[in-house]
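Worksheet for the structure shown next.
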Amino acid sequence: MKALDSFAEREARSLIGLTVVDQQGEKIGSLSGIWIDPATHQVEFMGLKSSWLFRSTHLVPSRSVEVEAGHAAVRVQFPAEFLKEAPRYNPKAELSDVEKQGINAYYGHFVPLRRTSAIEEVRPEEALPPEAATGAQTASQDRTAIEREEQGFFNQEGFVTDAMPDANAALELERTIQEAKPREKEYNRREGEWISE
Numbered sequence: 001m002k003a004l005d006s007f008a009e010r011e012a013r014s015l016i017g018l019t020v021v022d023q024q025g026e027k028i029g030s031l032s033g034i035w036i037d038p039a040t041h042q043v044e045f046m047g048l049k050s051s052w053l054f055r056s057t058h059l060v061p062s063r064s065v066e067v068e069a070g071h072a073a074v075r076v077q078f079p080a081e082f083l084k085e086a087p088r089y090n091p092k093a094e095l096s097d098v099e100k101q102g103i104n105a106y107y108g109h110f111v112p113l114r115r116t117s118a119i120e121e122v123r124p125e126e127a128l129p130p131e132a133a134t135g136a137q138t139a140s141q142d143r144t145a146i147e148r149e150e151q152g153f154f155n156q157e158g159f160v161t162d163a164m165p166d167a168n169a170a171l172e173l174e175r176t177i178q179e180a181k182p183r184e185k186e187y188n189r190r191e192g193e194w195i196s197e
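If you're matching positions, the sequence shown starts at 1 in this note's numbering and goes up one per residue.
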């Protein structure tokens, strides 16, 4: 069996119409659609068109769904009775973040609304493997190193010092104003030429 959330979008779409069975192997409906997470481009939900009385559509998180070998059927990891009470969904409507949160909550999955994917999920080739992370420091050592970097300033001679170089704010402001005057005159001259044309 292969987890549905590991399928590429095109491959997952080819599964639409397959029979869906519950955890005991009993037929409960068919796969009516898939919903893709725009942040990760992975299958987020599967639409279960139930074979029960009202034939409603229920969304099931893809990480709770497996595809049997040879694409014979799609198996959900829940009993039919649990799925009957799952939130229903109108497949013609847009799926909001709040609805996604409610569906995940029903199935016992917590996914924050503003989820940021780890680089390992999105671009695994760029992730640093754990064995390559040699010389790892503790959190307090990392914090101490960062604080030292923030405190180090260069003085006029280029030497590192822990103190901010003496600066007179009034003199710095006056120097900045004097440097800006020629640019302001040039700007006003150009604006005057443009207006008079």
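Ideal Cβ positions, reconstructed from N, Cα and C, are used throughout, including at glycine.
Since we're looking at a predicted model, the values are computed, not measured.
Around the Cβ of Q178, a 10 Å sphere holds fewer than 16 other Cβ atoms; the residue is exposed. A distance below 6 Å between beta-carbons, with the five flanking residues on each side excluded, links K2 to the following residues of its chain, in chain order: V67.
Within the model, the alpha-carbon separation for K185 versus A170 is close to 23 Å.
Bridge partners of D37 according to DSSP: Q42.
I103 has its alpha-carbon roughly 11 Å from the corresponding atom of L83.
Boundaries of the beta strand (DSSP E) around E66: 65-67. Taken through DSSP and simplified to helix, strand or coil, G47 comes out as strand. Pairing W35 with K92, the inter-Cα distance amounts to about 12 Å.
CA-CA distance, A80 to A39, rounds to 31 Å.
Restricting attention to E172, R175, R13, the CA atom closest to the CA of M46 is found in R13. Cβ-Cβ separation between D22 and V76: approximately 6 Å, consistent with a contact (criterion under 8 Å).
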